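Protein chains in written order, with this note's numbering: chain L, 47 to 238; chain B, 2 to 343.
What follows is a single structure, written as structure tokens, with notes after it.
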């Protein structure tokens, strides 16, 4: 009888260790995935001034679009806040950048410049990396959240100090909105 | 959750099969070696029933050599594959396309949550790509220059996503190992075959058959026949097994790749372009064909479904792969709620 109890106790302890370690591993993966996003966001913040300075000269009539990018960047760079705030600020920046790219299509000189082409590739790749890092983060965070809520893993969730990871949801209107494109040919008069 | 389980199962399966291949390879060499010893042993039995050949030198030697080959194949197989394709590592990208390639690979590495693999370019106008290495940390992805000029950014992403799935599933480890081991087996069988056609046959026939009395001689003959049959069949069997391993994993890599990019239609488009280019990729040799995203030899057998294709193709039929990817794209559009009104 005692022998049976001993076996049961050993099984329970082994299970607790496994579940605990599993949760910790998932937690670290979630933190790691978030760091990946952070790296890419920083990279985008660093790239934007280059792009703005390069196109400024040829795009003086699109001051509004450029200003929107610059101010969205500085707002995003202030940082702080949680996942939701970061997501909103960065989403706005993505929207402003997307708009700039669309407007840039109207300037063939710009598009043919090697420098601008490289910058644009760098920035759209960074956009992609952000999107993929977000995808990975959301996948890992969902797995982590599910695990700590599921029975019986939830019994050790408190011990592992597991808390729900917030997902990065795309809620921002600016990112979803289709940029308005002015298809009228030629440059607008400076008065406008 | 199921996809995570699938990934885990997939990795476990590949680890198991890698180990099985290593063991089988060493066993094969051991059989070739000890089988040869046995023939000599029974062949050297004299009238009094005493054998003159007692220490199995060949068997011990062959087993040792096999272990050595297996070890170096595991460690250096990727390098050999890249070298045989004439791939150069892309460290300082010159052109816009090369910069884009590096970016796309990094994007897919992020999506898969893996370290950035090394990127190689093979100068060949035919579009193709392959991945090699022993695991995510040592993975290499190689593409032909033709792939860079043929595909647009999204399609390139689809192909790289496919290759990244091979890396993540540990397919690369198994398939690189197979490439190296199959090469060694073919070499061994060719070499021994040449010796036989030369003086070897005379020696066995003259001395073994003449002196061996009764049972011992018969046993020697049976072992000899079995031995020769394995030598002849081994390269063929190995090649068939390599093909089967590859074929099964292509559909899966297509699906996982599409999961990484969330864009199955881009890979479908890429496969279509690769197929219509259809010229053989001359820089990729037969031994590494099973590593590629599309059969580099342009064999017709890969185009059809059916028994022949199932046995001899390294890749599933292109049309079926494309159809499956399009099906995934359709499901995705349906899930998003916005079906194109076409």
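Ideal placement from N, C-alpha and C gives every residue a C-beta, glycine not left out.
Computed from a prediction, not measured in an experiment: that's the story for all the values here.
- Secondary structure of residue 230 (chain B) (DSSP, three-state): helix.
- A straight line joining the alpha-carbon of residue 332 (chain B) with that of residue 258 (chain B) spans about 16 Å.
- With respect to residue 97 (chain B), residue 294 (chain B) sits apart: the two C-beta atoms are not nearer than 8 Å.
- Relative to the Cα of residue 113 (chain B), the nearest Cα in the group B:166, B:127 and B:92 belongs to B:166.
- Chain L has a Cβ within less than 8 Å of the Cβ of residue 112 (chain B).
- Between residue 178 (chain B) and residue 22 (chain B) a beta carbon distance of about 6 Å is seen, short of the 8 Å cut, so the two are scored as contacting.
- Considering only L:184, L:48, L:145 and L:152, the residue with the shortest C-alpha distance to residue 212 (chain L) is L:184.
- Within chain L, no residue has its CB atom less than 7 Å from the CB of residue 264 (chain B), the nearest being about 11 Å off.
- Judged by DSSP in its simplified three-state form, residue 133 (chain B) adopts strand.
- Proximity of chain B to residue 167 (chain L) at the Cβ level (cut-off 9 Å) is accounted for by 97, 100, 101, 104 and 154, in chain order.
- Residue 138 (chain B) is outside the set of residues whose beta carbon lies under 8 Å from a beta carbon in chain L.
- Excluding five sequence positions before and after residue 228 (chain B), the CB atoms of its chain that fall closer than 6 Å to its own CB belong to 36, given in chain order.
- With a cut-off of 8 Å on Cβ pairs, the segment 161 to 173 of chain L is in contact with the segment 90 to 97 of chain L, counting three or more such pairs.
- Within the segment 146 to 176 of chain L, the residues whose Cβ lies closer than 7 Å to any Cβ of chain B are, in chain order, 163, 164, 167, 171, 174 and 175.
- Contact note: residue 79 (chain L) reaches chain B through 114, using a C-beta cutoff of 9 Å and chain order.
- The beta-bridge partner set that DSSP reports for residue 121 (chain B) consists of B:90 and B:143.
- Taking 8 Å as the cut-off, the Cβ atoms of residue 171 (chain B) and residue 17 (chain B) do not count as close.
- DSSP, reduced to helix, strand and coil, places residue 52 (chain B) within a strand of the structure shown.
- Taking a contact to require three or more Cβ pairs closer than 8 Å, the segment 193 to 205 of chain L and the segment 68 to 87 of chain L qualify as touching.
- Residue state for residue 294 (chain B) is assigned as coil, using DSSP reduced to three classes.
- Fully enclosed beta strand (DSSP E) runs of no fewer than 3 residues are not present anywhere in the segment 117 to 177 of chain L.
- Going by DSSP, residue 316 (chain B) is part of no alpha helix (DSSP H) at all; its letter is neither H nor E.
- For residue 194 (chain L), no Cβ of chain B is located within less than 8 Å of the residue's own Cβ.
- Taking each of L:109, L:110, L:137 and L:108 in turn and checking the Cα distance to residue 122 (chain L), the smallest one comes out for L:137.
- The residue among B:27, B:49 and B:40 with its C-alpha nearest the C-alpha of residue 63 (chain B) is B:27.
- When rounded, the separation of the alpha-carbon atoms in residue 76 (chain L) and residue 187 (chain L) is 6 Å.
- Against residue 10 (chain B), chain L offers no close residue; the least beta-carbon distance is about 16 Å (beta-carbon pairs closer than 9 Å).
- Listed by position along chain L, the residues whose Cβ is nearer than 8 Å to that of residue 108 (chain B) are 171, 174, 175 and 178.
- According to DSSP, residue pairing for residue 46 (chain B) in a beta bridge involves B:52.
- Counting every other CB atom within 10 Å of its CB across the protein chains shown gives residue 53 (chain B) a total below 16, marking it as exposed.
- Cβ neighbours of residue 111 (chain L) within its own chain (closer than 7 Å, five residues either side excluded): 145, 146 and 149.
- As the crow flies, the alpha-carbon of residue 196 (chain B) is around 38 Å from that of residue 317 (chain B).
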